[in-house]
Amino acid sequence: MNKPKLACPNFTRDRDRLRRFALQCGLDGVDWSLTLQDLPQSPREASQLLREVSHLRPLEVRYHAAFSNVDLGDHDPQKAREALRLFENVCRLISKLNGESLTIHVGLGRHTTEDLSWERTLDNLSTLNASAMKLGLRLCLENLAWGWTSRPELFEKMLRRSGLWATFDIGHAVVSPSIVTRRFDLEDFVSPHRNRILNAHVYHREWMDRHEPPQAVEDVADRLDLLRTLPLCEWWVLELRDEAAVQSTLHVVRSYLANGWDNQRRATSAL
């Protein structure tokens with residue numbers, strides 16, 4: 001893979017501050033998370049969102065739908081249909097924003113999967129992916145810290161049967177029960193579909209619903225090594241929610257790239 005593009009989330013509603021911070025840090029882009037409350041309710045609001053995103057130029061922008069308790073596979077057929085319509089509308093919105101990829105979840109905000117249907121989830125993911133493809137949008141499924149997507153074998157099935165791309169969250173992966181119990185290795189999240197992972201969320205770990213920044217390169221080096229084996233994973237989001245945490249994580253990642261990536265590149269060139 002090429003040297004990754006480094007991005008931060010839209011952690012503040014002050015767009016001038018966000019743009020200034022990202023440019024001063026030398027970041028390549030912004031990963032724009034949308035919540036249900038953020039969605040435009042009128043053409044006027046959609047135009048305002050387009051202006052806000054355009055204001056971030058020359059930064060690249062990718063998108064992330066953080067919709068808690070909205071699932072394509074809800075056991076309630078009506079709720080599942082409403083979720084599908086919502087996500088299809090969001091795909092159209094992202095297309096109008098000139099977006100090329102959108103990260104989504106299964107089971108976000110839930111504490112059980114008992115109220116979800118596995119087959120309905122797969123059917124609606126496939127339907128949504130077909131709609132996204134017609135819009136020229138690459139739809140990416142993110143692994144969570146618990147639930148179906150926290151299990152490498154189920155994450156693989158979802159990607160394979162739906163045709164989705166993937167966003168690999170290294171902070172979720174390291175705390176997932178499948179990894180903590182050593183039933184699986186971290187590599188099992190990516191090994192069956194290395195060519196389908198487009199984005200990474202980079203931080204140390206999720207703890208008590210909070211993302212913790214790494215304190216040293218050693219905290220994340222093995223996981224960054226893994227990301228470097230993924231040929232299309234060029235978008236690394238430093239997924240922290242304040243300037244100080246983003247900056248400290250940026251320092252760690254840049255130290256890793258300088259001492260790991262550059263050394264390997266020089267060694268490869270010498271062969």
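The UniProt record's numbering numbers the first residue of the sequence shown as 1 and each following residue consecutively.
C-beta atoms are modelled at their ideal positions from N, C-alpha and C, and glycine is treated no differently.
{"query": "If I measure Cβ to Cβ from leucine 86 and keep anything under 7 Å in the same chain, skipping five residues before and after, which residues do I get?", "result": "Val70"}
{"query": "Rounding to the nearest angstrom, what Cα-Cα distance links alanine 245 and leucine 238 in this structure?", "result": "9 Å"}
{"query": "Counting only the same chain and skipping the five closest in sequence on each side, list residues whose C-beta sits under 8 Å from that of leucine 164.", "result": "Leu125, Asn129, Leu139, Cys140, Leu141, Met158, Arg196"}
{"query": "Return the CA-CA distance between aspartate 262 and asparagine 2, expressed in angstroms with no decimal places.", "result": "Residue placement at aspartate 262 is flagged as unreliable, the pLDDT there being 47, under the threshold of 50; the coordinate-derived value follows with that caveat. Looking at the two C-alpha atoms, the distance is approximately 11 Å."}
{"query": "Taking the beta strand (DSSP E) that leucine 125 falls in, what are its first and last residues?", "result": "Per DSSP, leucine 125 belongs to no beta strand (DSSP E); it is in the alpha helix (DSSP H), 118 to 134."}
{"query": "With phenylalanine 168 as the anchor, note down where its alpha helix (DSSP H) starts and where it stops.", "result": "Element bounds for phenylalanine 168: not the alpha helix (DSSP H) but the beta strand (DSSP E), 165 to 169."}
{"query": "First and last residue of the alpha helix (DSSP H) that includes threonine 249?", "result": "243 to 256"}
{"query": "Give me the DSSP bridge partner(s) of glutamate 206.", "result": "His211"}
{"query": "According to DSSP, alanine 200 sits in a beta bridge with which residue or residues?", "result": "Phe168, Trp236"}
{"query": "Measuring CB to CB, does isoleucine 94 end up less than 9 Å from leucine 144?", "result": "no"}
{"query": "Does the Cβ-Cβ distance between threonine 149 and alanine 200 come in under 9 Å?", "result": "no"}
{"query": "Report the rounded CA-to-CA distance for leucine 6 versus valine 106, giving the unit in angstroms.", "result": "25 Å"}
{"query": "Give the straight-line distance between the Cα atoms of threonine 268 and serine 54, rounded to the nearest whole angstrom.", "result": "Because threonine 268 sits at a pLDDT of 42, beneath the cut-off of 50, its placement in the model cannot be relied upon, and the following sentence gives the value as read from the coordinates. Whole-angstrom Cα-Cα distance: 39 Å."}
{"query": "In the DSSP assignment, what are the bridge partners of cysteine 140?", "result": "Thr103, Trp165"}
{"query": "In three-state DSSP terms, what is arginine 85?", "result": "helix"}
{"query": "Report yes if the C-beta distance between valine 190 and threonine 229 is below 9 Å; otherwise report no.", "result": "yes"}
{"query": "Quick one: is the Cβ of glutamine 37 within less than 8 Å of any heavy atom of the ligand GTP?", "result": "The ligand GTP is absent from the structure shown, which contains no ligands of any kind."}
{"query": "By the three-class DSSP mapping on this structure, what secondary structure does arginine 51 have?", "result": "helix"}
{"query": "Look at the alpha carbon of glutamate 52 and the alpha carbon of arginine 15, and state the distance between them as a whole number of angstroms.", "result": "7 Å"}
{"query": "Comparing alpha-carbon positions, which option in Asp123, Thr113, Asn259, Gln247 lies nearest arginine 151?", "result": "Thr113"}
{"query": "Name the DSSP beta bridge partners of tryptophan 32, please?", "result": "Tyr63"}
{"query": "Is the number of C-beta pairs between the region 70 to 82 and the region 97 to 111 that are closer than 8 Å three or more?", "result": "yes"}
{"query": "Quick one: is aspartate 169 buried, meaning 16 or more other Cβ sit within 10 Å of its Cβ, or exposed?", "result": "buried"}
{"query": "Could you name the residues of the same chain whose beta carbon sits closer than 6 Å to that of valine 90, not counting the 5 residues immediately before and after it, in chain order?", "result": "Ala65"}
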